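Participant: Handing you this structure, nothing more for now.
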Amino acid sequence: KMLSSVIRKSAFKPSTLLNTMARTVYTAETKPHVFINKHTKVLVQGMTGKHGTFHTEQAIAYGTNIVGGVNKRKAGTQHLGLPVYANVTQAKKETEAEASVIYVPPPFAADAILEAVEAEMDLVVCITEGIPALDMIKVKSIMNSQNKTRLIGPNCPGIIKPGECKIGIMPGYIHQ
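Taking this note's numbering, I'd label the letters of the sequence shown as residues 9 to 184.
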(Lines of atoms letter the chains of each structure in order from A and count residues from 1; the text may use other names and numbers.)
(Lines give C-alpha, C1' and ligand atoms only; values in the text may rest on other atoms or scores of the structure.)
Protein backbone atom coordinates (compact mmCIF):
# COMPACT_ATOMS: atom_id res chain seq x y z
CA LYS A 1 0.00 0.00 0.00
CA MET A 2 1.15 3.53 -0.70
CA LEU A 3 0.23 6.15 1.87
CA SER A 4 -2.01 8.89 0.53
CA SER A 5 -2.51 7.00 -2.74
CA VAL A 6 -5.68 6.17 -4.57
CA ILE A 7 -5.32 3.55 -7.29
CA ARG A 8 -8.27 2.94 -9.56
CA LYS A 9 -9.01 0.18 -12.05
CA SER A 10 -9.67 0.80 -15.72
CA ALA A 11 -12.74 -0.54 -17.55
CA PHE A 12 -12.66 1.53 -20.72
CA LYS A 13 -10.23 0.98 -23.61
CA PRO A 14 -7.09 -0.98 -22.74
CA SER A 15 -4.28 1.23 -21.54
CA THR A 16 -0.88 1.02 -23.17
CA LEU A 17 0.45 2.57 -19.96
CA LEU A 18 -0.09 -0.68 -18.10
CA ASN A 19 2.48 -2.73 -19.96
CA THR A 20 5.85 -4.16 -19.09
CA MET A 21 7.07 -5.16 -22.54
CA ALA A 22 7.31 -3.09 -25.73
CA ARG A 23 3.67 -2.26 -26.56
CA THR A 24 1.76 -5.25 -25.17
CA VAL A 25 -1.60 -4.06 -23.87
CA TYR A 26 -3.17 -5.08 -20.56
CA THR A 27 -6.21 -3.67 -18.82
CA ALA A 28 -6.21 -2.88 -15.12
CA GLU A 29 -8.53 -5.85 -14.63
CA THR A 30 -5.95 -8.30 -15.98
CA LYS A 31 -2.83 -6.56 -14.65
CA PRO A 32 -3.45 -4.91 -11.27
CA HIS A 33 -0.16 -3.03 -11.16
CA VAL A 34 0.89 0.32 -12.59
CA PHE A 35 3.78 0.04 -15.01
CA ILE A 36 5.59 2.76 -16.88
CA ASN A 37 8.40 2.45 -19.38
CA LYS A 38 10.36 4.38 -22.01
CA HIS A 39 7.26 4.45 -24.25
CA THR A 40 5.02 6.16 -21.66
CA LYS A 41 4.07 9.63 -22.91
CA VAL A 42 4.02 12.10 -20.01
CA LEU A 43 2.43 15.55 -19.66
CA VAL A 44 3.60 18.00 -17.01
CA GLN A 45 0.98 20.17 -15.34
CA GLY A 46 2.84 23.17 -13.94
CA MET A 47 5.88 22.65 -16.18
CA THR A 48 6.61 26.38 -16.53
CA GLY A 49 6.95 27.02 -12.78
CA LYS A 50 10.22 26.85 -10.85
CA HIS A 51 9.78 23.32 -9.49
CA GLY A 52 8.07 22.06 -12.63
CA THR A 53 10.94 23.32 -14.79
CA PHE A 54 13.59 21.75 -12.56
CA HIS A 55 11.94 18.33 -12.33
CA THR A 56 10.98 18.30 -16.02
CA GLU A 57 14.63 18.91 -16.94
CA GLN A 58 15.64 16.07 -14.61
CA ALA A 59 13.05 13.72 -16.13
CA ILE A 60 14.11 14.54 -19.68
CA ALA A 61 17.77 13.94 -18.76
CA TYR A 62 16.74 10.59 -17.26
CA GLY A 63 15.08 9.56 -20.52
CA THR A 64 11.41 10.10 -19.70
CA ASN A 65 9.25 10.73 -22.77
CA ILE A 66 7.89 14.16 -21.80
CA VAL A 67 5.54 15.28 -24.61
CA GLY A 68 4.39 18.68 -23.35
CA GLY A 69 3.18 20.85 -20.53
CA VAL A 70 -0.06 22.46 -19.39
CA ASN A 71 -0.41 26.11 -18.34
CA LYS A 72 -3.49 28.14 -19.31
CA ARG A 73 -1.62 31.45 -19.28
CA LYS A 74 1.26 30.21 -21.43
CA ALA A 75 -0.68 28.09 -23.92
CA GLY A 76 0.69 28.16 -27.44
CA THR A 77 4.27 28.78 -26.33
CA GLN A 78 7.24 26.46 -25.92
CA HIS A 79 9.09 25.70 -22.69
CA LEU A 80 12.22 23.55 -22.56
CA GLY A 81 11.63 22.94 -26.27
CA LEU A 82 8.22 21.37 -25.59
CA PRO A 83 4.75 22.68 -26.45
CA VAL A 84 2.59 24.21 -23.72
CA TYR A 85 -1.16 23.59 -23.93
CA ALA A 86 -4.14 25.36 -22.39
CA ASN A 87 -5.59 22.25 -20.76
CA VAL A 88 -5.01 18.54 -20.29
CA THR A 89 -7.77 17.50 -22.71
CA GLN A 90 -6.18 19.46 -25.56
CA ALA A 91 -2.71 18.23 -24.66
CA LYS A 92 -3.83 14.59 -24.53
CA LYS A 93 -5.61 14.91 -27.87
CA GLU A 94 -2.55 16.38 -29.61
CA THR A 95 0.17 14.29 -27.94
CA GLU A 96 -1.63 11.02 -27.08
CA ALA A 97 -0.18 11.33 -23.57
CA GLU A 98 -0.91 8.52 -21.14
CA ALA A 99 0.33 9.99 -17.87
CA SER A 100 0.39 13.37 -16.18
CA VAL A 101 2.58 14.64 -13.37
CA ILE A 102 1.44 17.60 -11.29
CA TYR A 103 3.81 20.28 -9.95
CA VAL A 104 1.39 23.02 -8.90
CA PRO A 105 0.88 24.82 -5.55
CA PRO A 106 -1.50 23.25 -2.99
CA PRO A 107 -4.49 25.56 -3.61
CA PHE A 108 -4.57 24.52 -7.29
CA ALA A 109 -3.51 20.87 -7.08
CA ALA A 110 -6.97 19.32 -6.60
CA ASP A 111 -8.28 21.15 -9.66
CA ALA A 112 -5.24 19.95 -11.62
CA ILE A 113 -5.95 16.35 -10.57
CA LEU A 114 -9.61 16.69 -11.55
CA GLU A 115 -8.67 18.20 -14.91
CA ALA A 116 -6.50 15.15 -15.63
CA VAL A 117 -9.28 12.79 -14.49
CA GLU A 118 -11.77 14.60 -16.75
CA ALA A 119 -9.36 14.13 -19.67
CA GLU A 120 -9.24 10.40 -18.78
CA MET A 121 -5.49 10.23 -18.34
CA ASP A 122 -4.44 6.66 -17.52
CA LEU A 123 -2.10 7.72 -14.71
CA VAL A 124 -1.87 10.92 -12.66
CA VAL A 125 1.05 11.48 -10.30
CA CYS A 126 0.64 14.38 -7.87
CA ILE A 127 3.78 15.49 -6.04
CA THR A 128 2.18 18.43 -4.24
CA GLU A 129 1.96 18.31 -0.45
CA GLY A 130 -0.36 20.35 1.74
CA ILE A 131 -3.47 20.09 -0.42
CA PRO A 132 -6.49 21.11 1.68
CA ALA A 133 -8.26 18.06 3.13
CA LEU A 134 -11.69 19.07 1.84
CA ASP A 135 -10.26 19.38 -1.68
CA MET A 136 -8.90 15.84 -1.45
CA ILE A 137 -12.23 14.52 -0.16
CA LYS A 138 -13.79 15.86 -3.37
CA VAL A 139 -10.99 14.31 -5.45
CA LYS A 140 -11.41 10.93 -3.74
CA SER A 141 -15.16 11.01 -4.30
CA ILE A 142 -14.66 11.67 -8.01
CA MET A 143 -11.91 9.03 -8.25
CA ASN A 144 -14.30 6.49 -6.71
CA SER A 145 -17.00 7.38 -9.24
CA GLN A 146 -14.86 6.61 -12.30
CA ASN A 147 -12.73 3.68 -13.41
CA LYS A 148 -10.26 5.02 -15.94
CA THR A 149 -7.66 7.12 -14.13
CA ARG A 150 -5.25 5.92 -11.47
CA LEU A 151 -3.83 8.45 -9.00
CA ILE A 152 -0.50 8.18 -7.23
CA GLY A 153 -0.19 10.79 -4.51
CA PRO A 154 -0.55 13.48 -3.49
CA ASN A 155 2.53 14.19 -1.37
CA CYS A 156 4.61 11.40 -2.87
CA PRO A 157 7.93 11.10 -4.71
CA GLY A 158 6.26 9.59 -7.79
CA ILE A 159 6.99 6.39 -9.71
CA ILE A 160 10.07 5.21 -11.58
CA LYS A 161 11.20 2.41 -13.86
CA PRO A 162 14.98 2.41 -13.44
CA GLY A 163 16.83 3.47 -16.56
CA GLU A 164 13.66 4.18 -18.54
CA CYS A 165 11.07 6.52 -17.07
CA LYS A 166 10.88 8.80 -14.03
CA ILE A 167 7.61 10.53 -13.17
CA GLY A 168 8.16 12.56 -10.03
CA ILE A 169 10.93 13.94 -7.89
CA MET A 170 13.18 10.95 -7.19
CA PRO A 171 16.84 11.65 -7.97
CA GLY A 172 17.67 9.68 -11.12
CA TYR A 173 21.20 8.80 -10.01
CA ILE A 174 19.82 6.66 -7.17
CA HIS A 175 17.64 4.57 -9.52
CA GLN A 176 19.96 3.37 -12.28
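Just so you know, even glycine gets a beta-carbon here, dropped at the ideal spot from N, CA and C.
Just so we're clear, the structure is a prediction, and the values are computed from it rather than from any experiment.
Under 8 Å, do Ser108 and Val75 count as touching if we go by C-beta distance?
Facilitator: No, the Cβ-Cβ distance between Ser108 and Val75 is not below 8 Å.
Participant: Taking Cβ positions, are Thr157 and Asp130 nearer each other than 8 Å?
Facilitator: For Thr157 and Asp130, yes; Cβs fall inside 8 Å.
Participant: Measuring straight from C-alpha to C-alpha, what distance separates Ile110 and Asn163?
Facilitator: Rounded to the nearest angstrom, the two C-alpha atoms are 11 Å apart.
Participant: Tell me the DSSP secondary structure of Lys156 in three-state form.
Facilitator: DSSP places Lys156 in coil when its eight states are reduced to three.
Participant: Looking at the unbroken alpha helix (DSSP H) that takes in Ile68, where does it start and where does it end?
Facilitator: From DSSP, the alpha helix (DSSP H) with Ile68 extends over Lys58 to Tyr70.
Participant: Counting pairs of Cβ atoms below 8 Å between the segment 111-127 and the segment 148-155, do you hit three or more?
Facilitator: The segment 111-127 vs the segment 148-155: in contact.
Participant: Counting Cβ pairs closer than 8 Å, one from the segment 165-177 and one from the segment 45-53, do we hit at least three?
Facilitator: Flag = yes, the segment 165-177 and the segment 45-53 touch.
Participant: Which residues mark the beginning and the end of the alpha helix (DSSP H) in which Leu122 is found?
Facilitator: Leu122 -> alpha helix (DSSP H) spans Pro114 to Glu126.
Participant: What distance in whole Å lies between the Cβ atoms of Ala105 and Thr136, which are believed to be in contact at a cut-off of 8 Å?
Facilitator: The Cβ separation is near 19 Å, so there is no contact.
Participant: For Asp119 and Pro113, what's the separation of their Cα atoms in angstroms?
Facilitator: Cα to Cα, Asp119 sits roughly 11 Å from Pro113.
Participant: How about Thr64 and Val52: do their beta carbons lie closer than 8 Å?
Facilitator: It is a contact, given that the beta carbons lie within the stated cut-off.
Participant: Who are the Cβ neighbours of Thr28 in its own chain at under 6 Å, not counting the five residues just before and after it?
Facilitator: For Thr28, the pLDDT reaches just 44, beneath the cut-off of 50, and the residue's location in the model is therefore unreliable, leaving the point undetermined.
Participant: Under DSSP, the beta strand (DSSP E) around Val78 begins and ends at which residues?
Facilitator: Element bounds for Val78: Asn73 to Val78.
Participant: Tell me, which residues are paired with Tyr93 by DSSP?
Facilitator: DSSP lists Val78 as partners of Tyr93.
Participant: Check the DSSP bridge columns for Ser108 and list the partner residues they point to.
Facilitator: Answer is Leu51 and Val132, bridged to Ser108.
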